[in-house]
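See below for the structure under consideration.
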Amino acid sequence: MVLYFVVQAVYLAVPYWLCVWAESPDSSKDDPFFWHVLGIIVIMLLVLGLTRNMLFYQNILSASRRVHDSMLTALTRASVAWFDKNPCGDIMSRVSKDVAMTDDFLTWMATDMMQVVFITFGSIIAITVSNPIMIAIVIPMIYCLILFSKKAVGPSRKANREMLASKAPIFSQISLVRGNLFSIRAFGLTSYFKEKFEQLAVANSLSFYSHYSII
38 MVLYFVVQAV
48 YLAVPYWLCV
58 WAESPDSSKD
68 DPFFWHVLGI
78 IVIMLLVLGL
88 TRNMLFYQNI
98 LSASRRVHDS
108 MLTALTRASV
118 AWFDKNPCGD
128 IMSRVSKDVA
138 MTDDFLTWMA
148 TDMMQVVFIT
158 FGSIIAITVS
168 NPIMIAIVIP
178 MIYCLILFSK
188 KAVGPSRKAN
198 REMLASKAPI
208 FSQISLVRGN
218 LFSIRAFGLT
228 SYFKEKFEQL
238 AVANSLSFYS
248 HYSII
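Counting the sequence shown from 1 gives a position; this note's numbering is that position plus 37.
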C-alpha cells in the first residue's frame with residue numbers, strides 16, 4: 038500500500054516538473070538540467086511501478102495458494118453426510134469459482150482497481166490544489182458515484198447468485214454423464230443429454246452476461 042502512495046506521488050511529479058519547466062525563463066529552457074530531472078523521475082516511476090506490481094502479484098498468488106489449500110483440506114475432512122446434502126455440481130461450482138477468482142480475475146482486477154483509484158484521487162488532488170473552485174464540482178461527483186455504487190450492489194449480487202445457480206447443474210450433468218456413459222449409449226439417450234446440456238449452457242451464458250453487464 039505504501040508503494041501505491043509513493044508511485045502516485047512520483048506520477049504527479051511529472052506534470053509538476055513540466056509546469057516548472059514551462060514557466061522557467063526562455064533562456065534556461067534549453068538547460069539539460071530539466072531533461073535530466075525529468076528522465077530520473079520517469080525511471081523512478083518505471084522501477085517503482087514494476088516493483089509494486091511484482092509484490093502485489095506475489096501476495097495475490099500466495100493468497101490463492103492458501104485459499105486452494107484451505108478448500109482442499111476442508112473437503113477432505115468433511116463428513117459423508119455433508120456430501121449427501123450438497124450435490125457435487127454445487128461443490129465443483131463453488132470451488133472452481135473461488136479458484137478462478139483468485140487466479141484469473143483477482144490479479145488484474147485488483148491491480149487495475151488500485152491503480153485507477155490512486156490515479157483518480159491523485160488527479161482530484163492536483164486539480165483542486167491548482168484550482169480550488171473545482172471542489173464545488175468534485176464533491177457532488179463523489180457523492181453521485183457512491184450513491185450509484187450502492188444502488189448497483191444489490192442487482193450485482195443477485196446476478197452473481199443466479200450465475201452460480203445456473204453453473205451448478207452443468208457440473209452435475211457432466212458428473213452424471215461421465216458415470217453413466219455406457220448406459221446412455223446403450224439406451225440411445227445421447228441426443229437427449231446433448232440437448233439438455235446445451236440448454237444448461239445457454240442458461241448459464243445468459244446469467245453470465247447479465248452479471249458482467251451490471252458490473
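Positions of the beta carbon are idealized from the N, C-alpha and C atoms, including for glycine.
Length of the line joining the Cα atoms of A238 and G86: 41 Å
Backbone CA spacing between L143 and C56 [nearest angstrom]: 37 Å
CA-to-CA distance, E235 to Y229, given in whole angstroms: 10 Å
Continuous alpha helix (DSSP H) stretch holding I78: start and end: 69-113
Inter-residue spacing [alpha-carbon to alpha-carbon] between S244 and D140: 22 Å
Sub-8 Å separation of V47 and I78 beta-carbons: yes
Residue closest to D149, alpha-carbon to alpha-carbon, out of I211, N90, D135, D68: N90
Among L98, S160, F208, nearest to V132 - alpha-carbon criterion: F208
Whether F158 touches Y41 by CB criterion (8 Å): no
Neighbourhood of I174 by C-beta distance below 7 Å, restricted to the same chain and skipping five residues each side: none
Whole-angstrom distance between A100 and T227, CA atom to CA atom: 42 Å
Whole-angstrom distance between P52 and V84, CA atom to CA atom: 18 Å
8 Å Cβ cutoff met for S203 and N168: no
Host alpha helix (DSSP H) of G159 (start-end): 143-167
Per-residue burial, Q45 [other beta carbons within 10 Å of its own, 16 or more giving buried]: buried
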